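K.L.:
Residue numbers (this note's numbering): 103 to 337.
Below is a structure I'd like to ask you about.
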C-alpha cells in the first residue's frame with residue numbers, strides 16, 4: 103500500500119492537478135481568514151461551513167478523485183497493477199489515502215490561522231479541532247464516493263462530472279427534502295445532509311453517531327471500489 107500511496111501522491115505534483123487543487127482551497131481559505139481577521143473574530147472554525155469552502159469541497163474535490171481508478175483503466179496499466187504482488191485492497195487504499203492526504207494539505211493553512219489568532223486572543227482549541235475533525239471526516243466520505251465513481255468508468259472526465267453532480271445533489275438535500283412536504287423525508291434529508299454536518303461540527307457539536315455515519319460511508323465506498331476492481335481482475 104505504501105508504494106501505491108507514494109506513486110499516486112507524487113503523481114498529483116508531476117502535473118498541475120495537485121497545485122491547482124491546493125491553490126483553489128488556499129485562495130478561498132485565505133480570503134475568508136482575511137475577513138475574519140479584519141473583523142477581529144477568533145472563530146477560525148467558521149471557515150469550514152462557509153459557502154465558499156463547501157463549494158470548493160463539492161466542486162473541486164472531484165478533480166482529485168476522477169483519475170484514481172479510471173486513469174489506470176484508460177491507459178491499460180491496471181492489468182500490471184492487478185498482477186503485481188499486492189492485494190487489491192492495498193491498491194485501493196493506497197489511492198484513497200493519497201487523495202485524502204492532498205485534501206489534508208488543503209486544510210493545513212487553517213491550523214496556521216488558528217495559531218495566528220491564538221497570539222492575539224484567547225481561543226478554545228477543542229472547538230477548532232472538532233470542526234477540523236468534521237471537515238476531515240466529510241472529506242474522507244466524499245473522496246471514497248468519488249473513487250467509487252471513478253471505478254465505474256475509464257473516462258476521468260465522465261467520472262469528474264458524475265461526481266460533481268452527485269456532490270451537488272448531496273449539498274441540496276435539505277431543499278430537495280422540503281419540496282416533498284413530507285415531515286419524515288425532510289427530517290432524514292436534514293440529518294444526512296453534509297452541509298448540516300459541516301455546521302454541526304463547526305458549532306462545537308460532537309455526536310459520535312455523526313462520526314460513525316461518515317466513517318461508514320467512507321468504508322462502504324472503499325469496499326465497493328475494491329469489489330469493482332476485483333471484478334475486472336477476474337474478468
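Ideal Cβ placement from N, Cα and C applies to all residues, glycine included.
Bear in mind the structure is a predicted one, so any value in this text is a computation, not a measurement.
What did DSSP end up calling residue 150 once you bin it into helix, strand or coil?
P.N.:
Here residue 150 refers to the residue found at position 48 when the chain shown is read from its first residue. Reduced to three states, the DSSP call for residue 150 is coil.
K.L.:
Evaluate contact between the region 107-123 and the region 155-166, counting only Cβ atoms and requiring at least three cross-stretch pairs below 8 Å.
P.N.:
Yes, the region 107-123 is in contact with the region 155-166.
K.L.:
Whole angstroms is fine: what's the gap from residue 212's alpha carbon to residue 225's?
P.N.:
Within the chain shown, residue 212 is the residue found at index 110, counting from 1. Within the chain shown, residue 225 is the residue found at index 123, counting from 1. So the alpha carbons of these two residues sit roughly 14 Å apart.
K.L.:
To the nearest angstrom, report how far apart residue 323 and residue 222 are at their CA atoms.
P.N.:
Here residue 323 refers to the residue found at position 221 of the chain shown. Here residue 222 refers to the residue found at position 120 of the chain shown. Answer to the nearest angstrom: the Cα atoms are 42 Å apart.
K.L.:
What residue does the alpha helix (DSSP H) around residue 59 start on, and which one ends it?
P.N.:
For the chain, the structure presents residues 103 to 337; residue 59 sits outside this window and is missing.
K.L.:
How would you label residue 91, buried or exposed, when you count the other beta carbons within 10 angstroms and need 16 or more for buried?
P.N.:
Because the chain is modelled from 103 through 337, residue 91 falls outside the range shown and cannot be assessed.
K.L.:
Give a yes or no on whether the C-beta atoms belonging to residue 199 and residue 158 are separated by under 8 Å.
P.N.:
Locating residue 199 in the chain shown gives position 97, counting from the first residue. Locating residue 158 in the chain shown gives position 56, counting from the first residue. Against a cut-off of 8 Å, the Cβ pair of residue 158 and residue 199 comes out as no contact.
K.L.:
Starting from residue 254 and walking both ways along the alpha helix (DSSP H), at which residues does that stretch end?
P.N.:
Residue numbering aside, residue 254 sits at position 152 when the chain shown is read from its first letter. First-last for residue 254: undefined, no H or E at that position.
K.L.:
Measure the C-alpha to C-alpha separation of residue 255 and residue 249 and round it to an integer number of angstroms.
P.N.:
Position 153 of the chain shown, counted from the first residue, corresponds to residue 255. Position 147 of the chain shown, counted from the first residue, corresponds to residue 249. Their backbone Cα atoms lie some 11 Å apart in a straight line.
K.L.:
Can you say whether residue 247 is buried or exposed, counting buried as having 16 or more other CB atoms within 10 angstroms of its CB?
P.N.:
Counting from 1 along the chain shown, the entry for residue 247 is found at position 145. Residue 247 comes out buried.
K.L.:
Please confirm if the region 226-237 is in contact with the region 300-315, defined as three or more CB-CB distances below 8 Å between the two stretches.
P.N.:
Yes: the two stretches touch, three or more of their Cβ pairs being nearer than 8 Å.
K.L.:
Would you mind stating whether residue 219 and residue 146 have Cβ atoms separated by less than 8 Å?
P.N.:
Indexing the chain shown from 1 puts residue 219 at position 117. Indexing the chain shown from 1 puts residue 146 at position 44. Yes.
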